[in-house]
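What follows is a set of notes on a single structure, which appears directly below.
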Amino acid sequence: MFLIDESSMVGNQDTAALFQAIAAGEGRAVSMGDIDQFESVDSGAPFKLMQERSPMDVAIMKQIVRQKDVHLRGAVHDIIDNRIDAALNRIEAQPADRVAREAGVPVPASAFQETATPVGDIVADWTGRTVDARARTLIITQLNADRRAVNAGIHDTLTARGELGGLAVRVPVLEKITYTRHEFNQTQAWQAGMVVKRGDRYQDVLAVDRHGSTVTVRDEEGNIGLYSPKELITGDVQLFQREEREVRAGDLLKFTLTDREQGQTGNQRYTVESVSESGDIRLTSEKGRIIINPKAVRAQQHIDYGWAVTGYGAQGASTDYVISLEGTDAGRKMLATRRAFYISASRVKEHVQIYTDGKADWVRAVKTPERDIKTAHDALAPETQRKQAKAIWSMGQPVSKTAIGRAWLRHQGMQETSLTAKIIPATRRFPEPALALPVYDNNGKGAGLALVSLVASPEGRLTQGDTRMVMSERGRGALLQRSRSGHTRVVGELAAALDAVRTHPQDGVVWQTGDESVAAQLLKISGGERREVEESRVQIISQRDSEIALPGTDNLRNEESPPVDISTVKEQEAERRHAEENLAISAAKAGSETAEQIPGRIVFPAEEELNVRASFNDMQGQQGEPEPDQNTLRRIAGGEGNSDSDFARIRRTDKEHDAGRVAEVSGVSRQVTELARNERDIARQTDTQERGRMPEYEEQTLSRTIQKER
């Protein structure tokens, strides 16, 4: 079993390669992530497509437990629902004294601070906190340039204060260059001086031939080679650029690449315990100590300051305090999105401080919806209704939490009902409030909304008006109520659906919005099985039972047959019973006579006895058989009707003769009873030419039992 975390950051080709490898090994995989966070740098959004356009089962965890502060938790919910203004109001309402600061350090006027120098203010804010608060604070920027500037500012400030060691060493570091898959396969992305990592080998880029589309490299042993970028696979090759960092005792460093052979884990932060002139750096953390020498070992050059990280680097992290830089100046505008804001606000547990170079511009940029087409599905089948429905749904409130919703429930007699709907407020285009019902496709994925306007009736009661469908073509059913009884009712009209909610508050209710029937995958959303299917099965069985008729009773169902004289029914019943008794006695006598003649005979049903009697008589003349016991024959003749079993037992040998007498008596009596019953059925059966229209049933047959006796 493979657990794939942060699946939203994986592109199409990597996802396909991973799933194919897992399937080839007969493994299973569970993809986890959040489609509202950052997406893959490569093309495609497979994790989102799997959730919205595939029949795969999806489990959604809606409970947020990271944020301990009620304002922060509410702000995260507001960001998810695209209520940016409400989220900022909650952030600004955080207590200012939540973060411990050094004496005499001014407290920011607001948790959402506008400033012309955000980098300098972030450095001052972080360095003004206590040592314990610094260790629990993460700084998030959206640009690598801002990250480097903040880290350098903190290092210089701590050095000027004397909080870092006196000995400083400058060490080479490798900073990864992130390209898309197509950019990497072009020579424009390559430059002389870069470092190529292919597997465990490091090579220096000496020259780039733009015309020949080749790259000249040299490894650590001095060997020269040529690369053709268009033939390289992105997953096998990584590009880095060379930089330097000044390291002192007290600095906070992190590894930027995972290398298990070197004992390095990406994004793991360490505090520098000591440095030496030879380049040895002793690092310590909660997991222990480690010594590295970036000057001597190139694989140990994947380090950087660890105070500030980018939003991509912070995805998946969790900390007590966050300082975030959000803005629209220069390159920051490209990353001023709701996704980036969501990352910054959701990493924190207790307090978040935001610095921006312009509130109004940044808020306007965050509210702007994404318009790029990211998948082929978005281009060929855009399903704009789904996006529109998602935006409308975020505007609503649960029915029971609004005055209009509570009044409508009261007027409809649904006070105790919990609907899976929201009340959408009135707008300029639609001046009436609406009841929004979620619509799903047959894969169980959201397909839009059914908006039912709420209007006042002449009696002054809230009722349903026009219905407006905002859904894709694949929408099949609207869910009104989830099941708490294990049953779900599927109806074809809205009025019938509301009536089902009113009369069956424990059952799930699905309103079928189209002609195509609702699939089982959609019913799983309701939490119950379809009730109509079970009821129809019961009705079919009942109807079949009512249509079953015994042989000889068809004339009673004929409407043209004369009426039956009820006064003679008892007399006819008595005569029938008397005839059956006489038939049973005669059959018993016949059985006793034949038993005297052939004690080892085979007992067959009546319809087969005529065909085999001659053969038994021939056998009787050829074999000399001993006379049977007369007492046994009398017991057989008098044991009629003592057992209800359908087949007799085999007689035992002389050693078991006493124990087998009871079985013999019961076996013969059963045969006599069955012969009498079959004779009665044959007499009552009618010869009809339309037998194919009669209900088919399995006729009971007598089992053949061989009786042996020495």
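In our numbering, the protein residues as written are 4 to 713. Here a beta-carbon is modelled for each residue, glycine too, at the ideal position from N, C-alpha and C.
Check, Outcome
"Burial state of GLN189 (16 or more Cβ within 10 Å)", "exposed"
"Contact set for TYR182: own chain, Cβ-Cβ below 6 Å, skip 5 residues either direction", "ALA192"
"Residue nearest to GLN714 in terms of C-alpha spacing, selected from LEU438, ALA20, LEU141", "With the chain covering only 4 through 713, there is no way to say anything about residue 714."
"Validate contact between the region 324 to 331 and the region 292 to 304 using beta carbons, cut 8 Å, 3 pairs", "no"
"Residue interval of the beta strand (DSSP E) (run including ARG201)", "198 to 201"
"LEU526, DSSP secondary structure in three states", "helix"
"Spatial neighbours of GLY369 in its chain, beta-carbon cut-off 7 Å, leaving aside the 5 residues before and after", "Correcting the residue identity first, residue 369 is Val in this sequence and not Gly. Closer than 7 Å at the Cβ level, and outside the excluded window around VAL369, lie ILE87, ALA339, THR340, ARG341, PHE344."
"Beta-carbon spacing of ARG479, THR423 below 8 Å", "no"
"Straight-line gap, ARG263 to ASP203 (C-alpha atoms, nearest Å)", "11 Å"
"Extent of the continuous beta strand (DSSP E) run through ILE426", "425 to 427"
"Pairwise C-alpha distance: ARG285 and ARG292", "7 Å"
"Reduced DSSP secondary structure (H/G/I, E/B, other) of THR160", "helix"
"Beta-carbon proximity list for SER43, same chain, < 6 Å, skipping 5 on both sides", "MET12, VAL13, GLY14"
"Neighbourhood of GLY530 by C-beta distance below 7 Å, restricted to the same chain and skipping five residues each side", "ARG485, SER486, GLY511"
"DSSP three-state assignment for MET4, whether helix, strand or coil", "coil"
"Distance CB(ILE395)-CB(ILE427) smaller than 8 Å", "yes"
"Integer-rounded CB distance, given that VAL455 should sit under 8 Å from ALA392", "Not a contact, Cβ separation roughly 14 Å."
"Cut-off 7 Å between Cβ atoms - residues of its own chain near ARG213, not counting five sequence neighbours on either side", "THR190"
"Per-residue burial, GLY107 [other beta carbons within 10 Å of its own, 16 or more giving buried]", "exposed"
"Contact the region 75 to 87 vs the region 457 to 476: 3+ CB pairs below 8 Å", "no"
"Nearest-angstrom Cα separation, counted from PRO58 out to ASP39", "20 Å"
"Through-space distance from LEU483 to SER10, alpha-carbon basis", "32 Å"
"Beta-carbon gap between ALA103 and ASP124 smaller than 8 Å", "no"
"Own chain, CB closer than 8 Å to LYS362, minus 5 neighbours either side, in chain order", "PHE115, GLU117"
"C-alpha distance - ASN614 paired with LEU586, whole-angstrom precision", "Note that ASN614 scores 45 on pLDDT, short of 50, meaning its location in the model is unreliable; the coordinates nonetheless yield the value given after this. The alpha-carbon atoms of ASN614 and LEU586 are separated by roughly 21 Å."
"Helix, strand or coil at VAL300 according to DSSP, with G and I counted as helix", "coil"
"Close Cβ partners of GLY416 (< 6 Å) along its chain, the five nearest in sequence each way excluded", "ARG505"
"Distance between ARG409 and ILE25 (C-alpha atoms, nearest Å)", "51 Å"
"Cβ-Cβ distance between ILE157 and ILE357 below 8 Å", "no"
"Beta-carbon contacts of GLY269 that lie in its chain and below 7 Å, excluding the five residues immediately before and after", "PHE258, THR259, LEU260, THR261"
"Residues sharing a beta bridge with TYR508, DSSP", "A quick correction: the sequence has Pro, not Tyr, at residue 508. PRO508 is not bridged to any residue."
"Unbroken stretches of the beta strand (DSSP E), 3 residues or longer, contained in the region 106 to 159", "115 to 117, 140 to 144"
"Length-filtered (3 minimum) beta strand (DSSP E) runs lying within the region 279 to 356", "284 to 288, 291 to 295, 306 to 308, 311 to 313, 322 to 329"
"Three-way DSSP call (helix, strand, coil) for TRP365 in this model", "helix"
"ALA210 - containing beta strand (DSSP E), residue span", "204 to 212"
"Status (buried if at least 16 other CB within 10 Å, exposed otherwise) for GLY334", "exposed"
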